[in-house]
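Following: one structure in structure tokens, then a few remarks.
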Amino acid sequence: MITTGFRTLVYKETLRFYKVATQTIAAPILTAMLYLLIFGHVLSGRVEVYPGVTYTAFLIPGLVMMSVLQNSFANSSSSLIQSKITGNLVFVLLTPLSHWEIFSAYVLASMVRGITVGFGVFAITAWFAHLSFTAPLWILVFALLGAAILGTMGLIAGIWAEKFDQLAAFQNFLIVPLTFLAGVFYSIHSLPPFWLAVSHANPFFYMIDGFRYGFFGQSDVNPWISVAIVSAFLVVLALLAIKLLRSGYRLRH
Amino acid sequence: MTAIEISNVQKRYKALQALGGVSLKIEEGEFFGLLGPNGAGKTTLISIIAGLIRSDAGSVKIHGHDVVSDFRAARRKLGVVPQELVFDPFFTVRETLRLQSGYFGLGNNDKWIDEVMEELGLANKADTNMRALSGGMKRRVLVAQALVHKPPVIVLDEPTAGVDVELRQTLWQFITRLNREGHTIVLTTHYLEEAQAMCKRVAMLKLGKVVALDTMSQLIRRISGSQLVLHLPHNSLPEELQPLLNHPPEDNKYSLRINDYAEVEGILARLRQGGISIDEMQLQQADLEDIFLQIMDENIV
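Keeping their order, the protein sequence lines are chains A and B. If you count by this note's numbering, then the first sequence holds residues 7 to 259, one letter each, in order. If you count by this note's numbering, then the second sequence holds residues 66 to 366, one letter each, in order.
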């Protein structure tokens, strides 16, 4: 059931990033552009990807997904930590909103930001290569799942962190390495066996691999396996986030 | 009907016992004061009532709804004005109030929001960003936020701390009106004269325990009659006058209990006998501050 309280919290969380759109939407699009120009230029022709797919074309879905993931994480985590540190989280905590409503509102707003930035990155980078859309439904499914997962991770990190540097550590030591090592810039099949095995243990790899399948119809792993792993990962994280919200961990001590 | 029922609430922060079994019943329509020195547990108790903190033991019910197991119903009945001057810098006053209203499930509440803004003198700041408001104005917004869902029970934690005289008056007029209209008001304050003027009944907290709970008139009666306040040289009060002290002297200010003005003569005679000079002298009706000091002094835990 969609309640007014839930809708209001989604609205507030989206309005929050929309009001600082230069920083929350335009800046990450520019960053992705720079990655494309630099890596696309330097690595084009040097990195072996899929047969019949240029490196730049291969890179674009990776960058789009990376932007979706990073911005989904940034939205819920930064909103929560700011509200905790400035104290205005009480305005949410004093209301009849349930832990379900709080969870889904924060995650949904994160998804809106992640997908918006991802779409922006796509709209600009798509001009630089010829892209195909073999299975558009897979593109959508993996974008939504990835955004939901990182929105949930941002929520957990925001609940856990008590200072900005703790959140920065979560981001720099967990989110960024997992994203960069997930095959944004390369096909993991070009890796030595050890790193190939390590990549298979990284849930972020399946999000990017499945997302890319939607474009080229080629991937390192069967998309059905990827979607199963990614969905299971989302369920585990969502249960954890809801458990933390229900128990009041670090929010209602 | 009982507005707030607090039963044996306990809360401990590691070594610190913040609340040691507090029980209180506040009836619907009361104007209730929660008094105590810093660290007495007032804010902890309010946070437990509001669901911002979980108690270790005991329960709190608002209009019969448990604040943990039935939190949705309990929170709809409750409006809380927090002590800290918190705000969300992303929004204007009107946006802040609309959002708060929405969280409580009220999608179209502009009529009441306008009325609250008008009453609290916020109408001309409606479209100003929260960041641009003065401290007093931010305080008004906090009060308005607590009232958007028309809660029958309103809890104000030190609402007048650091607030100018004008706002204090506006605020009290509005709160008094709400109380007259049937809202239950619970107030914590450092200003005892404020509590004395507004509250019909008070509880005094000290080190996490209720040390006094009575109507204001009964409490005032506890210190019978009047008092003679004398400014004397340090430690010069004669032995036999010591039992008349209401509470230990502050800054050589001795407050003596008298039941009859005729007693003043005897006290003065005794001082003259001892050759003690009186720097200043006042006759006063006992007030809440004296009772407060007396109770805080009696209950050395």
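Yeah, the Cβ is synthetic: ideal placement off N, Cα and C, and Gly gets one too.
Item checked: valine 366 (chain B) at chain A interface by Cβ criterion, 9 Å -> With a pLDDT of 45 at valine 366 (chain B), under the threshold of 50, the modelled position of this residue cannot be trusted; read the value that follows with caution. Not an interface residue.
Checklist line | Proximal residues of chain B, C-beta to C-beta of leucine 103 (chain A) below 7 Å | finding: Tyr168
Notebook entry, point to check: Whose CA, out of B:Pro313, B:Gln283, B:Trp177, B:Lys203, lies closest to the CA of leucine 353 (chain B)?
Noted result: B:Gln283
Notebook entry, point to check: So which residues of chain B does phenylalanine 170 (chain A) contact, with C-beta pairs closer than 7 Å?
Noted result: Going along chain B, no residue has its Cβ under 7 Å from phenylalanine 170 (chain A), so there is no contact; the nearest lies around 16 Å.
Item checked: phenylalanine 45 (chain A): first and last residue of the uninterrupted alpha helix (DSSP H) it sits in -> For phenylalanine 45 (chain A), the uninterrupted alpha helix (DSSP H) run begins and ends at 33 to 49, by DSSP.
Next item on the list: Within the region 162 to 249 of chain B, note down every full beta strand (DSSP E) run reaching 3 residues or more, in order along the chain.
Entry: 218 to 222
Check: Which of the three DSSP states, helix, strand or coil, is assigned to threonine 254 (chain B)?
Finding: coil
Notebook entry, point to check: Hey, out of B:Glu180, B:Lys271, B:Leu221, B:Gly201, whose CA is closest to phenylalanine 357 (chain B)'s CA?
Noted result: B:Lys271
Check: Under the three-state reduction of DSSP, which class applies to asparagine 324 (chain B): helix, strand or coil?
Finding: Coil.
Notebook entry, point to check: Which residues does DSSP pair with alanine 154 (chain A) in a beta bridge?
Noted result: None, per the DSSP bridge assignment.
Check: Can you give, in chain order, each stretch of the alpha helix (DSSP H) that sits fully within the region 173 to 198 of chain A and has at least 4 residues?
Finding: Counting only runs of 4 or more, we get 182 to 186.
Notebook entry, point to check: From the beta carbon of glycine 116 (chain B), is the nearest beta carbon of chain A less than 9 Å away?
Noted result: yes
Margin query: Pop quiz: glutamine 76 (chain A) and threonine 158 (chain A) are said to be a contact at Cβ under 8 Å. What is the actual Cβ separation, rounded to whole angstroms?
Written below: The Cβ separation is near 14 Å, so there is no contact.
Check: Given valine 366 (chain B), which residues of its chain have a CB within under 6 Å of its CB, disregarding the five upstream and five downstream residues?
Finding: Low confidence applies to valine 366 (chain B): its pLDDT is 45, below 50, so where it sits in the model is not reliable, and the reading given next is rough at best. Counting only Cβ-Cβ distances below 6 Å, and skipping sequence neighbours, we find Leu272.
Notebook entry, point to check: Which residues bound the beta strand (DSSP E) around valine 294 (chain B)?
Noted result: 291 to 296
Next item on the list: Kindly indicate the opening and closing residues of the alpha helix (DSSP H) around asparagine 73 (chain B).
Entry: Where asparagine 73 (chain B) is concerned, there is no enclosing alpha helix (DSSP H), although the beta strand (DSSP E) it sits in stretches over 67 to 78.
Next item on the list: Kindly indicate if chain A contains any beta-carbon less than 9 Å away from that of alanine 80 (chain B).
Entry: no
Note to self: When you compare the CB of tyrosine 17 (chain A) with every CB in chain B, is at least one pair closer than 9 Å?
What the structure shows: yes
Margin query: Taking its Cβ as the centre, do 16 or more other Cβ atoms sit within 10 Å of valine 241 (chain A), making it buried, or is it exposed?
Written below: By the 16-neighbour rule on beta-carbons within 10 angstroms, valine 241 (chain A) is exposed.
Notebook entry, point to check: Is glycine 84 (chain B) close to chain A, meaning its C-beta is less than 9 Å from at least one C-beta of that chain?
Noted result: Looking at the sequence provided, one finds leucine at residue 84 (chain B) rather than glycine. No, leucine 84 (chain B) does not count as interfacial toward chain A.
Checklist line | Residue burial classification, threonine 28 (chain A) (beta-carbon count within 10 angstroms, cutoff 16) | finding: exposed
Item checked: 8 Å CB neighbourhood of asparagine 311 (chain B) in its chain, flanking five on each side removed -> Ile288, Gln292, Ser320, Leu321, Arg322, Ala351, Asp355, Leu358, Gln359
Check: Where does lysine 271 (chain B) sit, in a helix, a strand or coil, going by DSSP?
Finding: strand
Check: Given a threshold of 16 other Cβ atoms within 10 Å of its Cβ, counted over all protein chains shown, does arginine 205 (chain B) qualify as buried or as exposed?
Finding: buried
Check: Using a C-beta to C-beta distance shorter than 8 Å, which residues of chain A count as neighbours of glutamine 210 (chain B)?
Finding: Phe97
Next item on the list: For histidine 47 (chain A), return the contacting residues in chain B, with the cut-off set at a CB-CB distance below 7 Å.
Entry: What histidine 47 (chain A) touches in chain B: nothing, since even the nearest Cβ is about 39 Å away.
Next item on the list: Using the Cα positions of glutamine 261 (chain B) and phenylalanine 239 (chain B), report the straight-line distance between them to the nearest angstrom.
Entry: Going from the Cα of glutamine 261 (chain B) to the Cα of phenylalanine 239 (chain B) covers about 17 Å.
Checklist line | Identity of the residue in B:Leu302, B:Leu84, B:Arg140, B:Leu243 nearest alanine 334 (chain B) by Cα | finding: B:Leu302
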